[in-house]
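Novice:
Next comes the structure, spelled out in structure tokens:
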């Protein structure tokens, strides 16, 4: 999983199930601080015109959240318009 599995483990979670999709393309941010888990959704519509591939979006996310040392699980551009897609990490 490109390191995302290890990062998820340290949040305190062992698995995540995404059941539905957001109305708008979004980042799902999961943070564990030892005392609990914080989950946020961040609208990513403003980033879509720059989003050319899963690899490119991964780089953008790592740069945007570099101070937090996040790892990313990403659905490629085709996954935005369909109910199937691959997850990239």
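Numbering (UniProt numbering), first residue to last: 1 to 89. Even for Gly, the Cβ is constructed at its ideal location relative to N, Cα and C. Since the model is a prediction, treat every value here as computed from it, not as a measurement.
#1: Return yes when the Cβ of residue 60 is within less than 8 angstroms of the Cβ of residue 41, no when it is not.
#2: Report the residue ranges of all alpha helix (DSSP H) runs contained in full by the region 15–65; include only those spanning at least 4 residues, in chain order.
#3: For residue 39, I'd like the list of residues in its chain whose CB is within less than 6 angstroms of its CB, leaving aside the five on either flank, ordered along the chain.
#4: Looking at residue 58 and residue 88, is the spacing between their C-beta atoms short of 8 angstroms?
#5: Using DSSP with H/G/I as helix, E/B as strand and the rest coil, what is residue 84?
Specialist: Let me spell this out:
#1: Their beta carbons are not under 8 angstroms apart, which means residue 41 does not touch residue 60 by this criterion.
#2: 54–64, all fully within the region 15–65.
#3: 30
#4: yes
#5: coil
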